[in-house]
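Right, one structure below, let's go through it.
There are 4 protein chains.
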Amino acid sequence: MKKIKIGSVGLGRLGLQHAKNIASLPNAELVALCDVNEECLKKEATALDVPKTFTDFNAMIADKEIDAVCIASPSALHPQQVCAALDAGKHVFCEKPLGITVEDCRLVEKACAAHKDLIFQLGFMRRFDDSYAYAKEKIDAGHIGKPILFRSYSQDPEKFIEGAIAFAPHSGGQFFDMAVHDIDLARWMIGDEPAEVWAIGGCYAHKEFAQYDDGDNVSALMKFKSGAMGFLFAGRTAPHGYNVETEIIGTKGTLRIASVPQKNLVEVLGNGGITRECSENFLERFEKSYLSEMSAFCEAVISGKPAPRGGTAEDGRRVTEIAFACREAFISGQLHKIS
Amino acid sequence: MKKIKIGSVGLGRLGLQHAKNIASLPNAELVALCDVNEECLKKEATALDVPKTFTDFNAMIADKEIDAVCIASPSALHPQQVCAALDAGKHVFCEKPLGITVEDCRLVEKACAAHKDLIFQLGFMRRFDDSYAYAKEKIDAGHIGKPILFRSYSQDPEKFIEGAIAFAPHSGGQFFDMAVHDIDLARWMIGDEPAEVWAIGGCYAHKEFAQYDDGDNVSALMKFKSGAMGFLFAGRTAPHGYNVETEIIGTKGTLRIASVPQKNLVEVLGNGGITRECSENFLERFEKSYLSEMSAFCEAVISGKPAPRGGTAEDGRRVTEIAFACREAFISGQLHKIS
Amino acid sequence: MKKIKIGSVGLGRLGLQHAKNIASLPNAELVALCDVNEECLKKEATALDVPKTFTDFNAMIADKEIDAVCIASPSALHPQQVCAALDAGKHVFCEKPLGITVEDCRLVEKACAAHKDLIFQLGFMRRFDDSYAYAKEKIDAGHIGKPILFRSYSQDPEKFIEGAIAFAPHSGGQFFDMAVHDIDLARWMIGDEPAEVWAIGGCYAHKEFAQYDDGDNVSALMKFKSGAMGFLFAGRTAPHGYNVETEIIGTKGTLRIASVPQKNLVEVLGNGGITRECSENFLERFEKSYLSEMSAFCEAVISGKPAPRGGTAEDGRRVTEIAFACREAFISGQLHKIS
Amino acid sequence: MKKIKIGSVGLGRLGLQHAKNIASLPNAELVALCDVNEECLKKEATALDVPKTFTDFNAMIADKEIDAVCIASPSALHPQQVCAALDAGKHVFCEKPLGITVEDCRLVEKACAAHKDLIFQLGFMRRFDDSYAYAKEKIDAGHIGKPILFRSYSQDPEKFIEGAIAFAPHSGGQFFDMAVHDIDLARWMIGDEPAEVWAIGGCYAHKEFAQYDDGDNVSALMKFKSGAMGFLFAGRTAPHGYNVETEIIGTKGTLRIASVPQKNLVEVLGNGGITRECSENFLERFEKSYLSEMSAFCEAVISGKPAPRGGTAEDGRRVTEIAFACREAFISGQLHKIS
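Residue numbers (my numbering), protein chains in the order written: chain C, -9 to 329; chain E, -9 to 329; chain R, -9 to 329; chain U, -9 to 329.
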């Protein structure tokens, strides 16, 4: 079996998961790791049996053995790293967001257009979740008719609130940090772009977010060009766990994905009633999706054809535009048009 | 609207509920109450605005104004009271069990046969529950094909265990005290009689039941004459609440009734997960069924035709026979044939 | 038991249900019916054994025997009939909406203020549903903390679309016709009033609604004065049945009511999977609520104290104001402030 | 990363899945395939890029490069192949059943005892399912107290009935063919062995099974040595899909695994109601479990310690004994003791 030789940059929580996934895939080989933290770099390289390590991303992409890179570095670095890697002839898998400004995203779009022979895939892992993929197939097959309302929630557990507060200065706000996945799903499942948005919310439990023009819980209502409606809710204070839930109502039927955010198939009948426990966090909920998207990326590199469900640079730029529009509407209190 | 004038005997928890239900029905009038406890009798008669009170059942049934009696006295008294009431020309609604011996039940069957002009209805209220009735309609309409397996659970909450222990000397054991409703449902939903049974169980949490040849949790597997299978489980130690759940698997489909023993339509998403709270007890779960069965009894008296779903004396006798067979099998450890 | 003597006006589908409910309640007596359709009036009076009939509402409220009136006439007549009945010294139960203009609603508010000795109750039956009432108790007890997001759906089945189209010229639009119940719930459960709203939607399946500045599916996002968010969706094209579903997310927990719009407790395992069937329509879903609200009204008249959960004239006026604001936002495409 | 070199025998549906899983695991290398069907052998070896192929099992185990074998050949061959492989110094993963007679199973037990340095693991994949594993942890941690009742269903879809009928002469009957997984779970989750069993059932839809002393749907009730109860149901005629569902009721709580046999997290709201679609078959339902058990086997070989949840030869022998006891009880109509 052909194995894609991958170098991966960034060893944060998700970066490490990507590295482990690459190491475990039959169609990939993790040949290099890159991170500025040397101690962490050595530890993980040893644990994962990775032959090469780099503290300099440009050095890594200069390595001729490497076919492709996985980028899970801080968001602000994504655009320049993607462009550099493409220019160095590497296929690129990049974690979301594509960039933290629309201009940066447009640079990546151009780089992708200039390197059509290289595979680029943006990390919208929900598209690779079995349930989301199944729902998309049903929509595409016409089972729900014409989309009327898309609704999606992304809620982080309250127990992670301290980390969220610490990250708040750098997060770009909840629409940018959390709701981008819901925004991507809305576009992907409706098959259309939003034209106008209103967004509200606030600091219901943790006033710390206010100084960053952000809230601990926010929502947005969008009108799509086709007339479809989209409602997003993003929160950080769910006591019950990690809750990502999506619904699409059409003229002929409705699909709900994970309306009960169940951890597994176990029900507990005990004091209090009948309980379904929830996923702990995104790594638990989307464990398999992260693996599937990376496998699909490797297959894309092998076959030379982009993964059918993979996010493109255009997807990344549009999602960033929409997230910014939501943020503008939230801050101004006004309706915001999206070009 | 024609109103049936009813005298009701027995002011225990369920007897009082029956009295309240009669008082609230548009086609009934609660004209008399009977109980040996004079204090309780006066209190409830005042509360429910009932004109006549009796401490002697025979005096009540001698009252010419009374059209029908509701019998919710201690189980051992049921057969003689039913017979006396029928002989006095009264229609009779009798709470389960029909009697505590098969011989007693046969006496009631004879009395019913001798008074075909009078309505007799045994209190198998589950048949009047919206969900059980809906399931029965589907079965009768052929939706599940031929019955394969009937399964039914009756679990009382652990929090009522002290009352259960106190009542144990008089209960007749769990098959007789609790499982009779499941036995009745099995016969009613399968449309057949069991031919052979094995029963097991024990005292898993409360050894007090052992001295009465009973267990705190028991089960029985039955072979019906047609070949259908029936599995019953009756328990007294459910921490989650009152749990009555029934399933019937057929060759073309399966129906489940109350597989989540939910109290209402509220889900609570909180610490621990997504929870459906349970019913507290049989009065909460079957509140509407008790009202419906009494209304159906009154309609039956008015129309002169037995309620289509009402329990008959034969039903009562057969259920008693089957419950005794389960108990015999449980005590002997052997298979037990049912004639 | 004291019985309130009630005259009921309007024998449409819901009016007839109210009449039947009054006739069946132990604390009420249906003494008069009023409708302009004489044939229907006679038929139902006979069926329900009602002694008096009127084709003139003013004649009915002149009847000294009558304690209270139930108003289920066409919406445009509600305000004048309520005022006339109060002036005639009758207690009043009035079906929603209170009136079809805010000015009309204010007249009723004044009449109620002038007759504080009389009970007035507006028909927001969902407040009397076991599940909504249970959720409200939990909210009031602090179980969910501070409200963050209220979400509510009201969907009629597609199979009733012809009737909806026929009624469209008179309905006042979906916010006024359907969403008023959700608007009332939002205010009642959050305990606050909305300050600003945006509304969108359209004719996704049936263009007939467009000529009335209405859509077949619409939604609204609201900012409440306290900062809480409210999202409403009202649709007329649900293939699965009648779907009324409500969620309230708070800082300490979330409550969902009827997230699976199940008809009863039966699950069907058959071709296609595991299915919960839905309620057919509002009369099936809220059968018991309609009875409970009327019983509560009668108890209120008897005790002289308004039903704790009963809708007031102010509730009716505010709901009408909010529904109009939604409609204005929907038509104009702009944000709309609510005074 | 250390990779275990595995040769796999048997390329039926499950054997092929095992081969694919081995090929995809980071801690394994599929170095050889063995099957009597040369055409199939070549095709799959090419597809999976496997260097060596054998039509003779003994030739394969003579290969010095091979560390371990995976046995997914016809059941009757399992015992001798396991023994031969162990004698040849190979670690062994063997698909269930261990053998089709208790005597054969005892031979394997002896071989395992004689080769304690080698890892042997029997393919009870349900133990490696996330939900079953989670439930087992909760039981072991005391969350449900003392086991009272274990209940487990295994239902194949009706749509596979032709294959089931064709295989009936060789299947050993439903207790042996299907219920062995439930029997294993019962022992594993209760932590005890059954002492006595009664079994019933029949041919409800397909009389073809009768000639093999089998039924299309069967059940068994077991008394465990500790007094716990066990109820198993195995069917071949489920219209809704593949249904494996397990429940364990304890003195302090109840756990249910897959009580809704959902395919994924998608709910479909459409004609008929709210539907959860079911898994198609065992490969879909237990896809991840098959991978996990093989990964655990490889880890066991690497570490030299048997997988904590892995099935042993003793497990295999006991399950076979119990399945035979069920079959005896089913055929004789009598209670059957288990030594």
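Don't be surprised by glycine CBs; every beta carbon is placed ideally from N, CA and C.
*Could you check the C-alpha separation between Ile278/U and Lys80/C for me, to the nearest Å?*
In the sequence as presented, Ile is not what sits at residue 278/U; that position holds Lys. C-alpha separation (whole angstroms): 32 Å.
*Are any of the Cβ atoms in chain A nearer than 8 Å to that of Gly243/R?*
Reference to chain A is not applicable here, since the protein chains of this structure are C, E, R and U.
*Does the pairing of the segment 234 to 253 of chain E with the segment 121 to 132 of chain E give three or more beta-carbon distances under 8 Å?*
With a cut-off of 8 Å, the segment 121 to 132 of chain E and the segment 234 to 253 of chain E count as touching, because enough Cβ pairs lie within range.
*Proximity to His68/C [Cα-Cα], best of Ala290/C, Val92/C, Ile292/C*: Closest in alpha carbon position to His68/C, among Ala290/C, Val92/C, Ile292/C, is Val92/C.
*Taking the C-alpha atoms as reference points, what is the distance between Phe287/U and Ser216/E?*
It is roughly 47 Å from the alpha-carbon of Phe287/U to the alpha-carbon of Ser216/E.
*Could you give the DSSP three-state label for Val26/U: helix, strand or coil?*
The answer is coil: DSSP assigns Val26/U none of H, G, I, E or B.
_Chain-ordered chain R contacts of Ile238/E [CB-CB under 8 Å]_ = Neighbours of Ile238/E on chain R: none; closest Cβ ~10 Å, over 8 Å.
*Return no unless some Cβ of chain C is closer than 8 Å to the Cβ of Leu259/E.*
The beta-carbon of Leu259/E is placed less than 8 Å from the nearest beta-carbon of chain C.
*Please name the residues in the segment 157 to 172 of chain R whose beta-carbon is closer than 8 Å to at least one beta-carbon of chain C, in chain order.*
Listed by position along the chain: nothing, the set is empty.
*Report the three-state DSSP secondary structure of Ala303/E (helix, strand or coil).*
Here Ala303/E sits in helix by DSSP.
*Listed by chain order, chain U residues near Val250/R by CB distance under 7 Å*: Neighbours of Val250/R in chain U, taken as residues at a C-beta separation under 7 Å, are given in chain order as Ile264.
*asked:* Would Gly153/U and Asp204/U be called neighbours here (beta carbons separated by less than 8 Å)?
replied: In this structure, Gly153/U keeps its C-beta atom at 8 Å or more from the C-beta atom of Asp204/U.
*Separation of Met168/R from Ser161/R, as counted between CA atoms*: Counting only the Cα atoms, Met168/R lies some 9 Å from Ser161/R.
_Test: Leu281/C CB closer than 8 Å to a CB of chain U_ = By the rule that beta-carbons nearer than 8 Å mark a contact, Leu281/C does not touch chain U.
*Can you have a look at Glu339/E and say buried or exposed, based on whether 16 or more other CB atoms are within 10 angstroms of its CB?*
Residue 339/E falls outside the range modelled here, since chain E spans only -9 to 329, and no answer is possible.
_Ala195/U in three-state terms, based on DSSP_ = Collapsing the DSSP output to three states places Ala195/U in coil.
*Indicate the three-state DSSP secondary structure (helix, strand or coil) for Gly5/E in the structure shown.*
In the structure shown, Gly5/E sits in a helix (DSSP, three-state: H, G or I).
*Please report how far the alpha carbon of Lys54/C lies from the alpha carbon of Leu23/C, in whole angstroms.*
In a straight line, the C-alpha of Lys54/C is about 15 Å away from that of Leu23/C.
_Any beta carbon of chain R sitting closer than 8 Å to that of Glu267/U?_
Yes, its Cβ sits closer than 8 Å to a Cβ of chain R.
*Determine, using beta carbons only, whether Pro229/U comes closer than 8 Å to chain E.*
Interface residue, yes.
*asked:* With the cut-off set at 8 Å, would you say Gln7/R and Ala297/R are in Cβ contact?
replied: Taking a C-beta distance under 8 Å as the contact criterion, Gln7/R and Ala297/R do not qualify as a contact pair.
*Which two residues bound the contiguous alpha helix (DSSP H) that contains Lys278/E?*
DSSP places Lys278/E in the uninterrupted alpha helix (DSSP H) bounded by 277 to 293.
*Kindly identify the DSSP beta-bridge partner or partners of Trp188/C.*
Answer is Leu211/C.
*Examine the Cβ distances between the segment 140 to 154 of chain E and the segment 298 to 313 of chain E and report whether three or more of them are shorter than 8 Å.*
The segment 140 to 154 of chain E vs the segment 298 to 313 of chain E: no contact.
*Runs of alpha helix (DSSP H) wholly within the segment 50 to 94 of chain E (minimum 4 residues, chain order)*: Here the runs fully enclosed are 68 to 77.
*Just list the beta strand (DSSP E) runs in the segment 159 to 187 of chain E, keeping only unbroken ones of 3 residues or longer that don't cross its boundaries, in chain order.*
The beta strand (DSSP E) runs of length 3 or more contained entirely in the segment 159 to 187 of chain E do not exist; there are none.
*Quick one: give me the first and last residue of the beta strand (DSSP E) that Glu148/R is part of.*
Per DSSP, Glu148/R belongs to no beta strand (DSSP E) and is neither H nor E.
*Does Ser121/U have its Cβ less than 8 Å from a Cβ in chain C?*
With a threshold of 8 Å between beta carbons, Ser121/U makes contact with chain C.
*What residues from chain U crowd round Val256/C, counting only those whose CB sits closer than 8 Å?*
Neighbours of Val256/C on chain U, chain order: Ser121, Tyr124, Ala125, Lys128, Leu245, Arg246, Ile247.
*What does Ala195/C touch in chain U if you count any residue whose Cβ is under 9 Å from its own?*
Residues of chain U passing the Cβ test: none, with the nearest at roughly 28 Å.
*Quick one: Cα of Ser144/C to Cα of Gly262/R, how far?*
Rounded to the nearest angstrom, the two C-alpha atoms are 29 Å apart.
*Return no unless some Cβ of chain C is closer than 8 Å to the Cβ of Met179/R.*
Among the CB atoms of chain C, none fall inside 8 Å of the CB of Met179/R.
_Nonlocal neighbours in the same chain, by C-beta distance under 7 Å from Pro159/E, ignoring five residues either side_ = Cβ neighbours of Pro159/E beyond the five flanking positions: Tyr202.
*Glu267/E lies in the alpha helix (DSSP H); which residues open and close that run?*
Element bounds for Glu267/E: not the alpha helix (DSSP H) but the beta strand (DSSP E), 263 to 268.
_Sequence-distant residues of its chain with Cβ nearer than 8 Å to Asn17/E (five each side left out)_ = So the list reads Met(-9), Lys(-8), Lys(-7), Ile(-6), Ser285, Cys288, Glu289, Ile292, once near-sequence residues are dropped.
_For a test of the three-state rule: what should DSSP assign to Thr310/U, helix, strand or coil?_
Thr310/U sits in a helix when the DSSP states are folded into three classes.
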